[in-house]
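What follows is a short report on a single structure.
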Amino acid sequence: VLAALAAVTDRLGLTGTINSTFNEPYEVARQFASLDHLSAGRAAWNVVTSWDAFTGENFRRGGFLPREERYSRAKEFLAAATGLFDSWDGTEIVADPVSGTFLRDARAGAFTHRGPHFDIEGHFNVPRSPQGRPVVFQAGDSDEGREFAAARADAIFGRYGTLDEGRAFYADVKRRLPRYGRTPDQLKILPAATFVLGDTDAEAHETAHEVRRLQVSGQTAIKYLEHVWNRDLSAYDPDGPLPETDPEPGENTIALGRASVRQFRDPRETARQWRELARAKNLSIRELVIATTARQTFVGSAATVARAIDDLVQADAADGFILVPHITPGGLDVFADTVVPLLQERGVFRTEYEGTTLRDHLGLSVPAPTRPGP
Numbered sequence: 030v031l032a033a034l035a036a037v038t039d040r041l042g043l044t045g046t047i048n049s050t051f052n053e054p055y056e057v058a059r060q061f062a063s064l065d066h067l068s069a070g071r072a073a074w075n076v077v078t079s080w081d082a083f084t085g086e087n088f089r090r091g092g093f094l095p096r097e098e099r100y101s102r103a104k105e106f107l108a109a110a111t112g113l114f115d116s117w118d119g120t121e122i123v124a125d126p127v128s129g130t131f132l133r134d135a136r137a138g139a140f141t142h143r144g145p146h147f148d149i150e151g152h153f154n155v156p157r158s159p160q161g162r163p164v165v166f167q168a169g170d171s172d173e174g175r176e177f178a179a180a181r182a183d184a185i186f187g188r189y190g191t192l193d194e195g196r197a198f199y200a201d202v203k204r205r206l207p208r209y210g211r212t213p214d215q216l217k218i219l220p221a222a223t224f225v226l227g228d229t230d231a232e233a234h235e236t237a238h239e240v241r242r243l244q245v246s247g248q249t250a251i252k253y254l255e256h257v258w259n260r261d262l263s264a265y266d267p268d269g270p271l272p273e274t275d276p277e278p279g280e281n282t283i284a285l286g287r288a289s290v291r292q293f294r295d296p297r298e299t300a301r302q303w304r305e306l307a308r309a310k311n312l313s314i315r316e317l318v319i320a321t322t323a324r325q326t327f328v329g330s331a332a333t334v335a336r337a338i339d340d341l342v343q344a345d346a347a348d349g350f351i352l353v354p355h356i357t358p359g360g361l362d363v364f365a366d367t368v369v370p371l372l373q374e375r376g377v378f379r380t381e382y383e384g385t386t387l388r389d390h391l392g393l394s395v396p397a398p399t400r401p402g403p
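Quick note on my numbering: the sequence shown kicks off at 30 and runs consecutively.
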């Protein structure tokens, strides 16, 4: 799909998600390097790991890795892939029809990687791309995920609900960069954010309330709670109070291997915090789920939303945002038509593209090869 999109677009960044737990560096590096050439330097790889057997069953090896080993493998996977991208420095191709010489040095693409997870050696057959190597995205709110992003990623997805949470996440990730010899501008923090626009703030808030109720049905709210309580809660009224009983400890038998909110949280502590929030704000199960699962949301008129976005960036809570429209397709059109011009008037959004590659669009420099060329 991304290769097809590359043929009919000329500025759009093309990001694909590939798992590092069940794939191999050479294959993935070749796929993204090829896409980077097809798109003239607009490819990006969203590196993810998998922690559950449910995903593992889709692959030959099956099973899953403990969290520590999962991130250890991901770090080495990305290091090996980077070595493959950098096995070309961009000066090797001569393509001289007179002499019949194509490469200046036949050693171009030669690589060797030895590590606990991968032991590979050979020749990488995709030359260096216009942006050096594909942009690397990473999404992970855990400590391991943040450290992984600080070490290797060009951008990290984030998620938060308040300004204080956003500033804390931003500061925590940025302070990790120096230990890897990196500067703050080498990693972009891009939280996911929904938006609902209206002619007035009141109209937008009314629409946003209705959208969230439609997105979180009663059945969805109960299923979400079951992942924490680890028991059947189908008898509970989604518009009633939370269960007074504590979650069942131990292995989650409700999620059946699927990703759940138990992955990084203590279920009993989560239940305690949710009960406090529900009592303080008089929230039902569904209202509680809506409140606790919401991304950073911009709601209001175009002027209100433009100001809120600018304020968060100026407050060091984000470098930009991954916008998630509540209606697709076409949900971004009204944002582009009404909010973007106001951001441009504020001088915080470009009026013209500053280059042709995805790195240009994100304000990322072209990385130097980690291994010197011939």
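Note that beta-carbon positions come from the ideal geometry of N, C-alpha and C, so glycine has one too.
Fill in: Beta-carbon proximity check, LEU387 vs ALA73, cutoff 8 Å
Counting from 1 along the sequence shown, the entry for residue 387 is found at position 358. Counting from 1 along the sequence shown, the entry for residue 73 is found at position 44. With contacts defined as CB atoms closer than 8 Å, LEU387 and ALA73 qualify as a contacting pair.
Discussion item. Give me the DSSP bridge partner(s) of GLN167.
Written reply: Here residue 167 refers to the residue found at position 138 of the sequence shown. The partner list for GLN167 (beta bridge, DSSP) reads VAL76 and ILE185.
Item to complete: Go to GLU5, then tell me how far its beta strand (DSSP E) extends in each direction, as first and last residue.
Response: Coverage of the chain is limited to positions 30 through 403, which leaves residue 5 absent and any answer about it impossible.
Worksheet item: According to DSSP, which residues form a beta bridge with SER313?
Response: As a position in the sequence shown, residue 313 is number 284, starting the count at 1. None, per the DSSP bridge assignment.
Worksheet item: ARG336 by DSSP, collapsed to three states: which one?
Response: By 1-based counting over the sequence shown, the position of residue 336 is 307. DSSP places ARG336 in helix when its eight states are reduced to three.
Worksheet entry | Buried or exposed by the 16-neighbour rule on C-beta atoms within 10 Å, applied to ASP125 | For the purposes of this step, residue 125 is taken as the residue at position 96 of the sequence shown. With fewer than 16 other Cβ atoms within 10 Å, it is exposed.
Worksheet entry | Short Cβ contact (8 Å threshold) for GLY42 with HIS390 | Position 13 of the sequence shown holds residue 42. Position 361 of the sequence shown holds residue 390. Against a cut-off of 8 Å, the Cβ pair of HIS390 and GLY42 comes out as a contact.
Worksheet entry | Nonlocal neighbours in the same chain, by C-beta distance under 8 Å from VAL164, ignoring five residues either side | Taking the first residue of the sequence shown as 1, we reach residue 164 at position 135. So the list reads GLY42, THR44, ALA72, ALA73, TRP74, ASP183, ALA184, LEU387, ARG388, LEU391 and LEU393, once near-sequence residues are dropped.
Fill in: Counted within 10 angstroms of its Cβ, other Cβ atoms place ASP201 as buried (16 or more) or exposed
Indexing the sequence shown from 1 puts residue 201 at position 172. With fewer than 16 other Cβ atoms within 10 Å, it is exposed.
Worksheet item: What is the rounded straight-line gap between the Cα of SER79 and the Cα of SER158?
Response: Position 50 of the sequence shown, counting from 1, holds the residue named residue 79. Position 129 of the sequence shown, counting from 1, holds the residue named residue 158. Roughly 29 Å separates the two Cα atoms.
Worksheet item: Between the beta-carbon of GLU173 and the beta-carbon of TYR100, is there less than 8 Å?
Response: As a first step, residue 173 must be located in the sequence shown, where it is residue number 144. As a first step, residue 100 must be located in the sequence shown, where it is residue number 71. The answer is yes: Cβ separation under 8 Å.
Fill in: Contacts around ARG205, its chain only, beta-carbon distance under 7 Å, and the 5 residues preceding and following it disregarded
For the purposes of this step, residue 205 is taken as the residue at position 176 of the sequence shown. Taken in chain order, the residues that qualify are ARG175, GLU176 and ALA179.
Fill in: Cβ-based neighbour list, VAL363, same chain, cut-off 6 Å, excluding 5 preceding and 5 following
Looking up residue 363 in the sequence shown gives position 334. These residues qualify, in order along the chain: LEU226.
Worksheet item: Helix or strand or just coil, what does DSSP make of VAL395?
Response: Along the sequence shown, one-based indexing puts residue 395 at 366. Shown here, VAL395 sits in coil according to DSSP, grouped into three states, outside any helix or strand.
Fill in: Backbone secondary structure at ARG291 - three-state DSSP
By one-based count along the sequence shown, residue 291 stands at place 262. Since pLDDT at ARG291 reaches only 43, below the 50 mark, its modelled position is unreliable, and the value read off the structure follows with that caveat. Three-state result, ARG291: coil.
Worksheet item: Below 8 Å, can you find three or more Cβ-Cβ pairs linking the region 320–338 to the region 357–376?
Response: yes
Worksheet entry | Minimum C-alpha distance to ASP404 - residue among ARG241, ASP228, LEU312 and GLN244 | Since the first residue of the chain shown is 30 and the last is 403, residue 404 is not available in this structure.
Worksheet entry | Boundaries (first-last residue) of the beta strand (DSSP E) holding ALA222 | In the sequence shown, residue 222 corresponds to position 193, counting from 1. Counted as a single uninterrupted DSSP element, the beta strand (DSSP E) harbouring ALA222 occupies residues 217–226.
Item to complete: Output the boundary residues of the beta strand (DSSP E) element that contains PRO354.
Response: The residue you call residue 354 lines up with position 325 of the sequence shown. From DSSP, the beta strand (DSSP E) with PRO354 extends over 351–354.
Item to complete: Can you tell me which of the three DSSP states PHE177 falls into?
Response: Numbered from 1 along the sequence shown, position 148 holds the residue referred to as residue 177. Helix.
Item to complete: Determine, using beta carbons only, whether VAL334 and PHE224 come nearer to each other than 8 Å.
Response: Position 305 of the sequence shown, counted from the first residue, corresponds to residue 334. Position 195 of the sequence shown, counted from the first residue, corresponds to residue 224. Taking 8 Å as the Cβ cut-off, VAL334 and PHE224 qualify as a contacting pair.
Worksheet item: With burial defined as no fewer than 16 other Cβ atoms inside 10 Å of the residue's Cβ, what is the status of GLU316: buried or exposed?
Response: Taking the first residue of the sequence shown as 1, we reach residue 316 at position 287. Result: buried.
Discussion item. I need the DSSP call for SER158, collapsed to helix, strand or coil.
Written reply: Reading the sequence shown from its first residue, position 129 is the one you call residue 158. Correct three-state label for SER158: strand.
Discussion item. What does the Cβ neighbour count give for LYS104, buried or exposed, with the cut at 16 atoms within 10 Å?
Written reply: On the sequence shown, residue 104 is found 75 positions in, with the first residue counted as 1. By the neighbour-count criterion, in which 16 or more other beta carbons inside 10 Å mark a residue as buried, LYS104 falls on the buried side.
Practice prompt. Following the continuous beta strand (DSSP E) through ASP125, name the residue where it begins and the one where it ends.
Written response: Here residue 125 corresponds to residue number 96 of the sequence shown, with the count starting at 1. Secondary structure note for ASP125: its beta strand (DSSP E) is the uninterrupted segment 122–125.
Discussion item. Looking at the strands, I want to know which residues DSSP matches up with LEU132.
Written reply: Mapped onto the sequence shown, residue 132 falls at position 103. For LEU132, which the question treats as bridged, DSSP gives the partners ILE122.
Worksheet item: Hey, out of THR380, LEU216, ARG181 and TYR189, whose CA is closest to ALA110's CA?
Response: Here residue 110 refers to the residue found at position 81 of the sequence shown. With distances taken between Cα atoms, ALA110 lies closest to ARG181.
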